[in-house]
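**Q**
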Amino acid sequence: MTRVVAYVPDLMDRSKVAAAGDCIFVSRPSDLAALSAEADVVVVDLTKPGVVDVLPDLDARIIGFANHTSRDVMDAARAAGCEQVLPRSDFFARIDELLA
Numbered sequence: 144m145t146r147v148v149a150y151v152p153d154l155m156d157r158s159k160v161a162a163a164g165d166c167i168f169v170s171r172p173s174d175l176a177a178l179s180a181e182a183d184v185v186v187v188d189l190t191k192p193g194v195v196d197v198l199p200d201l202d203a204r205i206i207g208f209a210n211h212t213s214r215d216v217m218d219a220a221r222a223a224g225c226e227q228v229l230p231r232s233d234f235f236a237r238i239d240e241l242l243a
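Sequential numbering of the sequence shown, starting at 144, is according to the numbering used here.
(1) Do you know how far the Cα of Asp218 is from the Cα of Ala95?
(2) What's the gap between the Cα of Ala220 and the Cα of Thr212?
(3) Measuring alpha carbon to alpha carbon, tell me which residue in Lys159, Leu241, Asp165, Asp153 is nearest Ile206.
(4) What residues in its chain sit with their C-beta under 7 Å from that of Arg171, if we drop five residues either side in the sequence?
(5) Can you name, in chain order, every residue of its own chain whose Cβ lies under 7 Å from the Cβ of Asp239, other than the five neighbours on each side?
(6) Can you list, in chain order, the residues of its chain with a C-beta nearer than 7 Å to that of Ala223? Leave out the 5 residues immediately preceding and following it.
(7) Grab the span of the beta strand (DSSP E) containing Leu229 for me, first residue to last.
(8) Quick one, are the C-beta atoms of Ala203 and Ala182 less than 7 Å apart?
Shown next, in the form of structure tokens:
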């Protein structure tokens with residue numbers, strides 16, 4: 144099973160991520176680095192403050208999602224090392240595949 148660490152503060156989004164597999168949620172972006180070394184994948188909501196800043200410190204494959212209109216945030220996430228940057232709708236449509 145894929146080990147997932149996630150920073151997804153929105154409760155509706157969090158429930159969808161939790162339903163897709165075994166996941167540990169953190170309450171702050173700064174908590175991701177400590178757990179990322181033991182994770183297969185880190186999932187982040189790129190629209191939340193501080194997320195893009197911690198991406199270079201993570202030691203796992205990173206999947207981030209944002210509103211499709213948040214091009215600047217998505218570009219910044221790619222530049223910071225986020226391997227897969229997806230519009231929110233695409234992420235949730237493919238969540239089972241992405242976290243398998």
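Even for Gly, the Cβ is constructed at its ideal location relative to N, Cα and C.
**A** Concretely, from the data shown:
(1) Outside the displayed span of the chain (144 to 243) sits residue 95, for which this structure offers no information.
(2) Sequence index remark: in the sequence shown, residue 220 carries index 77 (1-based). Sequence index remark: in the sequence shown, residue 212 carries index 69 (1-based). Cα to Cα, the separation comes out at about 14 Å.
(3) Here residue 206 refers to the residue found at position 63 when the sequence shown is read from its first residue. Selected option, being the one with the closest Cα: Leu241.
(4) Within the sequence shown, the letter at position 28 stands for residue 171. Cβ neighbours of Arg171 beyond the five flanking positions: none.
(5) Taking the first residue of the sequence shown as position 1, residue 239 is located at position 96. Cβ neighbours of Asp239 beyond the five flanking positions: Ala163.
(6) As a position in the sequence shown, residue 223 is number 80, starting the count at 1. These residues qualify, in order along the chain: Val195, Leu198, Pro199.
(7) For this step, residue 229 is matched to residue 86 along the sequence shown. Segment 227 to 230, the beta strand (DSSP E) holding Leu229.
(8) Walking along the sequence shown from the start, residue 203 turns up at place 60. Walking along the sequence shown from the start, residue 182 turns up at place 39. A contact, by the Cβ cut-off of 7 Å.
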